[in-house]
Amino acid sequence: MLLGILVVLCFIPTADVTENKILVAQHPLLIVANQTATLVCNYTYNGTGKEFRASLHKGTDSSVEVCFISWNTTKISSNSNKEFNCQGYHDKDKVIFSLWNMNANQTDIYFCKIEVMYPPPYVYNEKSNGTVIHVKETPTQIQEPQSAIPLWILAIVTGILALYSMLITAVLINYWAMHNIPGHPWPSLALPLGSICCLWDDVKRNLPLLQL
Numbered sequence: 001m002l003l004g005i006l007v008v009l010c011f012i013p014t015a016d017v018t019e020n021k022i023l024v025a026q027h028p029l030l031i032v033a034n035q036t037a038t039l040v041c042n043y044t045y046n047g048t049g050k051e052f053r054a055s056l057h058k059g060t061d062s063s064v065e066v067c068f069i070s071w072n073t074t075k076i077s078s079n080s081n082k083e084f085n086c087q088g089y090h091d092k093d094k095v096i097f098s099l100w101n102m103n104a105n106q107t108d109i110y111f112c113k114i115e116v117m118y119p120p121p122y123v124y125n126e127k128s129n130g131t132v133i134h135v136k137e138t139p140t141q142i143q144e145p146q147s148a149i150p151l152w153i154l155a156i157v158t159g160i161l162a163l164y165s166m167l168i169t170a171v172l173i174n175y176w177a178m179h180n181i182p183g184h185p186w187p188s189l190a191l192p193l194g195s196i197c198c199l200w201d202d203v204k205r206n207l208p209l210l211q212l
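Heads up, the sequence shown is in the UniProt record's numbering, so the first residue is 1 and it goes up one at a time.
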């Protein structure tokens, strides 16, 4: 009886503490406010693989491969889906995926997949819990319409017109003071051309500071 039990135990495979497997851990949530996200895929691997491939997948069914990176002991290569701006980096026991120019439509859950490509056997990680990347909508900045004419030009023109009006008023008052004779009414503004010329000559004689 005892001999039979020992024989059976000999044929039962023992658990291999150095089982060839990959475990991946991701942060559960990333909030993106500046259109840029950095997703870190931490992994543990206790096998002897020499050539690896890591990829980032979008959606609950991982149907969209966003980008990937592959590496071995001497070479690293990376590629991105044309609908995304993504770059992958490998650093010891983690893979970092950097995404930029993201938009709100790209809000979804993202999964890391790490594979041992060589030597056999082919190994990849079980699906992790993933990372939800929430891309906030960029607020639209409404620019106030600018005036076709700068304000400082309007201020200068207004000042010149005001000064010109004051000058004309001073000239008329001075003319009236010089020609006001008791009993005579205010001189008519509808002066003939010769009278206007005389008026201007009088102004230049009596107001030398206003000479042009």
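Positions of the beta carbon are idealized from the N, C-alpha and C atoms, including for glycine. If you're wondering where the values come from, they're calculated on a predicted model, not measured in any experiment.
Discussion item. So for residue 105, helix, strand or coil by DSSP?
Written reply: Three-state result, residue 105: helix.
Fill in: Assigned exposure category for residue 190 - 16 Cβ within 10 Å defines buried
Note on residue 190: pLDDT 48, under 50, position unreliable in the model; no value is reported.
Fill in: Rounded C-alpha distance that separates residue 31 from residue 131
10 Å
Worksheet item: Do the stretch 121 to 138 and the stretch 76 to 91 make contact, defined as three or more Cβ pairs closer than 8 Å?
Response: no
Worksheet item: Quick one, are the C-beta atoms of residue 35 and residue 102 less than 9 Å apart?
Response: yes
Item to complete: Take every Cβ of the stretch 105 to 113, pair it with every Cβ of the stretch 50 to 63, and state whether three or more of those distances are shorter than 8 Å.
Response: yes
Worksheet item: What are the residues that DSSP puts in a beta bridge with residue 152?
Response: Residue pairing by DSSP places residue 152 opposite no residue, since no beta bridge is assigned to it.
Worksheet item: Leaving out the 5 sequence neighbours to the left and right, which residues in its chain are closer than 6 Å to residue 19 when beta-carbon positions are compared?
Response: none
Worksheet entry | Pairwise C-alpha distance: residue 167 and residue 154 | 20 Å
Worksheet item: Cβ atoms of residue 41 and residue 66: under 9 Å apart, would you say?
Response: Inclusion of residue 66 and residue 41 in the CB contact set at 9 Å is not warranted, their separation being larger than that value.
Worksheet entry | Close Cβ partners of residue 51 (< 7 Å) along its chain, the five nearest in sequence each way excluded | 72, 117 and 118
Worksheet entry | Completely contained beta strand (DSSP E) runs for the UniProt domain "Immunoglobulin V-set" (25 to 135), where each covers 3 or more residues | 29 to 32, 37 to 45, 51 to 58, 64 to 71, 76 to 80, 86 to 91, 94 to 99, 108 to 118 and 131 to 135
Worksheet item: Measuring CA to CA, which of 49, 85 and 63 is closest to residue 70?
Response: 49
Discussion item. Counting C-beta neighbours from all protein chains within 10 Å, is the total for residue 95 16 or more, i.e. buried, or is it exposed?
Written reply: buried
Worksheet item: Which one or two residues does DSSP pair with residue 168 in a beta bridge?
Response: According to DSSP, residue 168 bridges with nothing at all.
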